[in-house]
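Take a look at the structure below.
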Amino acid sequence: MFTQHDRVVLLEMLALSGDVPLDATEILVADLSRESLRQQEACISLSSAAVNRALSMKLDLEEDRKTDRERTGFGNPLLQLFMSQPCYWAALDSDCVRQLASSRSCMELLSLSVEQSPAHRRLIHKMISQQEINLHPEASPQEVAMLVSALAKTLPVEQANDALAFWLIKQFVGLSKWISTIEEEAPYSVVQLIADTVAPLLDLKLFGRKEMQKLLDIASNTKNHCLQLVLLNRICSGAAPDLKESLLDALLEHLLTTVCKAAQDKEPDVHVLKELERPATILMHFDGKSIVRVISRDNFWQQWVMSLLKSGFRSQRIGTVAFKLICTACERVYAEALTVYPRAAEIYMMILGHSKFLSLMLSTDSKEEETRGCLLQLMTTLVKCDGYICSVDHVPLLLSAYGATLSSVDQKI
Numbered sequence: 469m470f471t472q473h474d475r476v477v478l479l480e481m482l483a484l485s486g487d488v489p490l491d492a493t494e495i496l497v498a499d500l501s502r503e504s505l506r507q508q509e510a511c512i513s514l515s516s517a518a519v520n521r522a523l524s525m526k527l528d529l530e531e532d533r534k535t536d537r538e539r540t541g542f543g544n545p546l547l548q549l550f551m552s553q554p555c556y557w558a559a560l561d562s563d564c565v566r567q568l569a570s571s572r573s574c575m576e577l578l579s580l581s582v583e584q585s586p587a588h589r590r591l592i593h594k595m596i597s598q599q600e601i602n603l604h605p606e607a608s609p610q611e612v613a614m615l616v617s618a619l620a621k622t623l624p625v626e627q628a629n630d631a632l633a634f635w636l637i638k639q640f641v642g643l644s645k646w647i648s649t650i651e652e653e654a655p656y657s658v659v660q661l662i663a664d665t666v667a668p669l670l671d672l673k674l675f676g677r678k679e680m681q682k683l684l685d686i687a688s689n690t691k692n693h694c695l696q697l698v699l700l701n702r703i704c705s706g707a708a709p710d711l712k713e714s715l716l717d718a719l720l721e722h723l724l725t726t727v728c729k730a731a732q733d734k735e736p737d738v739h740v741l742k743e744l745e746r747p748a749t750i751l752m753h754f755d756g757k758s759i760v761r762v763i764s765r766d767n768f769w770q771q772w773v774m775s776l777l778k779s780g781f782r783s784q785r786i787g788t789v790a791f792k793l794i795c796t797a798c799e800r801v802y803a804e805a806l807t808v809y810p811r812a813a814e815i816y817m818m819i820l821g822h823s824k825f826l827s828l829m830l831s832t833d834s835k836e837e838e839t840r841g842c843l844l845q846l847m848t849t850l851v852k853c854d855g856y857i858c859s860v861d862h863v864p865l866l867l868s869a870y871g872a873t874l875s876s877v878d879q880k881i
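In my numbering, the protein residues as written are 469 to 881.
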């Protein structure tokens, strides 16, 4: 039975020979990439020459073999082999890295190389700056997104020269057609990839007014609700305060509208629920006057609050998020203008008058404790916004609500 050492020696011989038996090399690479084998024995590394030759063989497959199955049959184990021993990234020479940059099916290898090797990163930066990089026209959009994400995440702000910035923006805008075709049932890994691509680009402050408008258009046109939230959350978080007023207002309005629609689902996807938690923090970054401008249009504030209250009372999972968001919004809105309709007192009465208010307050279900706490915090915030809200007529309801927050022992006392 071959040991790992035997396999490494054989692969060295095969990779460095003039007439390479490809099938045997594929088998050895696949065996060396197996996790169980790596755990059994101490890792023995291939030479730099063998690593580069193995990758060259993979690149040659793009010309010699046409089917995806044949390409991935060798490519996937080779990728696993590189990931199992990070030292292999440094072993790649510049010629191989240049070949990767123009390959059809090796963009993931290039992206990981950029993340793992500072030398390769600098080489790709130089190639982009000197307009020497030409991505394959048939390269997978997902893999192009991975490369853009890897470059943006590893690029210091001070090194983002005009050529690099232009190339990164051009590539992302080029991905917009692909993003707009993503279906509602697309796997979350695709959504997360786009989030990982947008976020570092925004951190680099590369997007001006036109690019931000393009991002907003992409978010508005996508069919995937989770992706809509992901994009709008990232865009609004990264929006510069000096953007045009109308664009900032449009970003905020789209975010609030999308949140409202997503909250109407009684049992939202766990990833959607996670994204619904972000807007409460994002609202704190927006100017209060901008928020008031947006919510003052066409009964927007009334419809938005009523819809979120309805969603919050209907679903325990949504309730916590919805009540927190309304609470934050009320703090920002009424700090700027107490006369916005509906006023704080009217929202307070909407809560007291809701058919499920008492059932939520009197519930002994431990799962509803956090939701109840968020609702009480919302009511407290409304009272702070308008001290005239409190009325003696509310005492019986408030006593019931207070009693519901006590332990069963305290209630008996």
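Note that beta-carbon positions come from the ideal geometry of N, C-alpha and C, so glycine has one too.
These figures come from a predicted structure and were not determined experimentally.
- Between glycine 787 and threonine 839, the C-beta gap is smaller than 8 Å, which places the two residues in contact.
- Close CB contacts of serine 783 within its chain, under the 6 Å cut and outside five residues either way in sequence, are with Lys734 (chain order).
- When Cβ pairs closer than 8 Å are counted between the two stretches, the stretch 549-565 is seen not to touch the stretch 600-609, the count staying below three.
- Taken atom to atom, the span from the alpha-carbon of tryptophan 772 to that of alanine 631 is near 43 Å.
- When only Cα atoms are considered, asparagine 520 and aspartate 671 end up about 35 Å apart.
- Three or more beta-carbon pairs separated by less than 8 Å are not found between the stretch 754-772 and the stretch 819-834, which leaves the two stretches without contact.
- Two segments are said to touch when three or more pairs of C-beta atoms, one from each, lie closer than 8 Å; by this definition the stretch 711-718 does not touch the stretch 736-750.
- Residue burial annotation: glutamate 652 is exposed, with fewer than 16 other C-beta atoms found within 10 angstroms of its C-beta.
- Cα atoms of leucine 578 and serine 648: separation of roughly 25 Å, rounded to the nearest angstrom.
- Residue range 825-830 is occupied by the alpha helix (DSSP H) that includes methionine 829.
- For the stretch 544-617, the full-length alpha helix (DSSP H) segments reaching 4 residues or more read 555-559, 562-569, 575-584, 586-597 along the chain.
- The criterion of a C-beta distance shorter than 8 Å is satisfied by alanine 558 and serine 585.
- Taking every protein chain shown into account, the CB of threonine 690 has 16 or more other CB atoms within 10 angstroms, so this residue is buried.
- Between alanine 613 and the set Ser657, Lys682, Pro624, the nearest pair of CA atoms involves Ser657.
- Check the Cα spacing between leucine 546 and each of Cys574, Ala569, Met595, Pro709: the tightest is with Cys574.
- Under the three-state reduction of DSSP output, glycine 787 falls in the helix class.
- Under a 10 Å Cβ-count criterion, glycine 706 is classified as buried, with 16 or more other Cβ atoms of the shown protein chains found around its own Cβ.
- Between serine 597 and histidine 588, the CB-CB gap reaches or exceeds 8 Å.
- Residue Ser608 holds the alpha-carbon nearest to the alpha-carbon of arginine 572 among Pro554, Gln553, Tyr816, Ser608.
- With fewer than 16 neighbouring CB atoms inside 10 Å of its own CB, valine 738 falls in the exposed class.
- In the assembly as shown, lysine 757 is an exposed residue. Its beta-carbon has fewer than 16 other beta-carbons within 10 Å.
- By the CB criterion at 8 Å, leucine 806 and aspartate 766 fall outside the cutoff.
- Annotation: lysine 852 to lysine 682 spans about 40 Å, alpha carbon to alpha carbon.
- Judged by beta-carbon spacing, glutamine 639 lies within the 8 Å limit of valine 616, meaning their Cβ atoms are closer than that value.
- For the pair glycine 780 and glutamate 713, the Cα-to-Cα distance works out to about 31 Å.
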